[in-house]
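Worksheet: the structure to be examined is printed underneath.
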Amino acid sequence: MRTDTASVEPNDVAEQETPEREFSTLEILERRNHADAIKRAQRAEVSSEGSTIDTLERINHADIVKRAQRLGISTEGSTIEIFERINSKEMEKYKY
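So the number in our numbering is just where the residue sits in the sequence shown, counting from 1, plus 3.
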């Protein structure tokens, strides 16, 4: 039996208490997708808080807003509303 008192770091205890396990393919892919979404959010200068889907929706909205601004279209409203205005302008441009 060991009688000396060794200092144990909190992470060491957590690692001892949590048995290591292999992650499923789905878990690995979800983590990679989330990490990729966070990087894309940083480039798009939008919040990366919340779920992967929430982050991707903000990225998509920012992209649509930028397209609308380049075309001189109002950026008010939802992503779909802005996108519909972009499509209308494109249709007019090509006389459809």
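All residues carry an ideal CB built from backbone N, CA and C; glycine is no exception.
In the same chain as A71, and ignoring 5 residues on each side of it, the C-beta atoms closer than 8 Å to its own belong to S77, T78, I85, R88 and I89, in chain order.
Bounds of the alpha helix (DSSP H) holding K69 are T55 to L74. A direct Cα-to-Cα measurement between R46 and S81 gives close to 21 Å. With fewer than 16 other CB atoms across the displayed protein chains lying within 10 angstroms of its CB, I31 is exposed. Around the beta carbon of A38, fewer than 16 other beta carbons lie within 10 angstroms, which makes this residue exposed. Per DSSP, E79 lies in no alpha helix (DSSP H) and is assigned neither H nor E. According to the DSSP assignment, E33 belongs to the alpha helix (DSSP H) that extends over T28 to A47. Counting only residues of its own chain and dropping the five nearest sequence neighbours on each side, L59 has a CB closer than 7 Å to the CB of A40.
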